[in-house]
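A.B. asks: Got a structure for you, written out below as structure tokens; questions coming shortly.
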Amino acid sequence: MKRTFLLTLVAVVALAAGVSAQTIEDSVLRAKDRSSDIKNRSNELERMRREADTPDKPISHEVKFPEIKDDFERIQIVNGEVLQPTATQSKPDLPAVYQAASEIKKRAIRLHSNLFAPDTKKKPKKKSDNAGSSVQPFDLKAEAKELDTAIATFVKSSMFQNIQVVNSEDSQRAQKELENIIKLSAAIEGQTANRENKD
Numbered sequence: 558m559k560r561t562f563l564l565t566l567v568a569v570v571a572l573a574a575g576v577s578a579q580t581i582e583d584s585v586l587r588a589k590d591r592s593s594d595i596k597n598r599s600n601e602l603e604r605m606r607r608e609a610d611t612p613d614k615p616i617s618h619e620v621k622f623p624e625i626k627d628d629f630e631r632i633q634i635v636n637g638e639v640l641q642p643t644a645t646q647s648k649p650d651l652p653a654v655y656q657a658a659s660e661i662k663k664r665a666i667r668l669h670s671n672l673f674a675p676d677t678k679k680k681p682k683k684k685s686d687n688a689g690s691s692v693q694p695f696d697l698k699a700e701a702k703e704l705d706t707a708i709a710t711f712v713k714s715s716m717f718q719n720i721q722v723v724n725s726e727d728s729q730r731a732q733k734e735l736e737n738i739i740k741l742s743a744a745i746e747g748q749t750a751n752r753e754n755k756d
């Protein structure tokens, strides 16, 4: 009986030691898995932080495509249907020209910000103050024609032929044309506002 008891006791101790060793081993493995999981999440967060901090991160045009498309089309429509016919009349409707130039400028500025990364090297341009200076001769028809040419050149840019592959030279030319559209439409807007106030 003592022997049976002793064997049972040894068996129970051995079994407990085996279970205990297995439990310890399982705990170590779970701890390693948790540590590995935490490390992987930490690495992923660090990668995401670095991507977010990258200043030259490419702009996703897909997100802004509806806005880009709308501005691209409206600049052409407003120019062709409102500004050009109105500005070339013998007695142009200055409020209509002003509104058209204002819309073209607003849309060109937004199109510029959606298509091209901001140039951090350029300093903000100062607005010209026409209040204290004498009004210089302004040829509305010539300015409107120049704006029409700038819009046509911009629209026909090879940058828009294949938007999946953009040549940097084509992009720079298109950007300069768009900046020219902004400048010309702002000039027409300013001059028609000044002339409208003087009439």
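Per my numbering, the very first residue in the sequence shown carries number 558; after that it's consecutive.
Using N, Cα and C, we set each Cβ at its ideal position, and we do this for glycine too.
(1) Between the C-alpha atoms of Q718 and Q729, what's the straight-line distance to the nearest angstrom?
(2) Taking the straight line between their C-alpha atoms, what separation do you get for F622 and P652?
(3) Excluding the five sequence neighbours on either side, which residues of its own chain have a C-beta within less than 7 Å of the C-beta of Y655, listed in chain order?
(4) What are the start and end residues of the alpha helix (DSSP H) that includes S647?
(5) Which residue wins for smallest C-alpha separation from L668, given the options A744, I739, T565?
(6) Could you pull the start and end residues of the alpha helix (DSSP H) that E703 belongs to?
(7) Hey, how far is the Cα of A709 from the Cα of F695?
(8) If I'm right that F711 touches E734 with Cβ under 8 Å, what's the distance once you round it to whole angstroms?
(9) Going by DSSP in three states, P623 sits in which element: helix, strand or coil?
(10) Compute the Euclidean distance between the alpha carbons of A644 and A743, then round it to the nearest angstrom.
(11) Using a 10 Å radius around the Cβ and a threshold of 16 neighbouring Cβ atoms, would you call A658 buried or exposed?
(12) Would you call the CB atoms of I661 and V635 closer than 8 Å?
(13) Let me confirm a value: A707 is counted as buried when at least 16 other C-beta atoms fall within 10 Å, else exposed. Which label applies?
(14) If we count the other Cβ atoms within 10 Å of its Cβ and call it buried at 16 or more, is E700 buried or exposed?
(15) Report the rounded CA-to-CA distance for N737 versus L704, giving the unit in angstroms.
(16) Between L640 and K663, what straight-line distance do the alpha-carbon atoms span, to the nearest angstrom?
(17) With a threshold of 16 other CB atoms inside 10 Å of the CB of A674, please say whether the residue is buried or exposed.
(18) Please state the DSSP three-state secondary structure of N737.
(19) With DSSP collapsed to three states, give me the class of A658.
C.D. replies: Here's the rundown:
(1) Locating residue 718 in the sequence shown gives position 161, counting from the first residue. Locating residue 729 in the sequence shown gives position 172, counting from the first residue. Each residue's Cα considered, the two are about 15 Å apart.
(2) Taking the first residue of the sequence shown as 1, we reach residue 622 at position 65. Taking the first residue of the sequence shown as 1, we reach residue 652 at position 95. Their Cα atoms are separated by approximately 31 Å.
(3) Here residue 655 is taken as the residue at index 98 of the sequence shown, counted from 1. Once the five neighbours on either side are set aside, the close Cβ partners of Y655 are E746, T749, A750, E753.
(4) What you label residue 647 is simply residue 90 of the sequence shown in a count that begins at 1. Here S647 belongs to no alpha helix (DSSP H), and DSSP marks it neither H nor E.
(5) Locating residue 668 in the sequence shown gives position 111, counting from the first residue. Of the candidates A744, I739, T565, the one whose C-alpha sits nearest the C-alpha of L668 is I739.
(6) For the purposes of this step, residue 703 is taken as residue 146 along the sequence shown, with counting starting at 1. From DSSP, the alpha helix (DSSP H) with E703 extends over 697–712.
(7) As a first step, residue 709 is located in the sequence shown; it is residue number 152 there, counting from the start. As a first step, residue 695 is located in the sequence shown; it is residue number 138 there, counting from the start. Going from the Cα of A709 to the Cα of F695 covers about 22 Å.
(8) Locating residue 711 in the sequence shown gives position 154, where the first residue counts as 1. Locating residue 734 in the sequence shown gives position 177, where the first residue counts as 1. About 4 Å; that satisfies the 8 Å criterion.
(9) Numbered from its first residue, the sequence shown carries residue 623 at position 66. Shown here, P623 sits in a helix according to DSSP, grouped into three states.
(10) As a first step, residue 644 must be located in the sequence shown, where it is residue number 87. As a first step, residue 743 must be located in the sequence shown, where it is residue number 186. Taking C-alpha positions only, A644 is separated from A743 by approximately 15 Å.
(11) In the sequence shown, residue 658 corresponds to position 101, counting from 1. Buried, because 16 or more other Cβ atoms sit within 10 Å of the Cβ of A658.
(12) Residue mapping note: residue 661 aligns to position 104 of the sequence shown, counting from 1. Residue mapping note: residue 635 aligns to position 78 of the sequence shown, counting from 1. In contact: I661 and V635 (Cβ atoms closer than 8 Å).
(13) Taking the sequence shown and counting its residues from 1, one reaches residue 707 at position 150. Looking at its Cβ environment, which holds 16 or more other Cβ atoms inside 10 Å, A707 is buried.
(14) As a working mapping, residue 700 is identified with position 143 in the sequence shown. Per the 10 Å Cβ criterion, buried.
(15) Taking the first residue of the sequence shown as 1, we reach residue 737 at position 180. Taking the first residue of the sequence shown as 1, we reach residue 704 at position 147. Those two C-alpha atoms are separated by around 8 Å.
(16) For this step, residue 640 is matched to residue 83 along the sequence shown. For this step, residue 663 is matched to residue 106 along the sequence shown. CA-to-CA, the gap between L640 and K663 works out to about 14 Å.
(17) To locate residue 674, count along the sequence shown from 1; it is residue 117. With fewer than 16 Cβ atoms within 10 Å of its Cβ, A674 is classed as exposed.
(18) The residue labelled residue 737 in the question sits at position 180 within the sequence shown. Correct three-state label for N737: helix.
(19) Position 101 of the sequence shown, counting from 1, holds the residue named residue 658. Looking at A658 - three-state DSSP - the assignment turns out to be helix.
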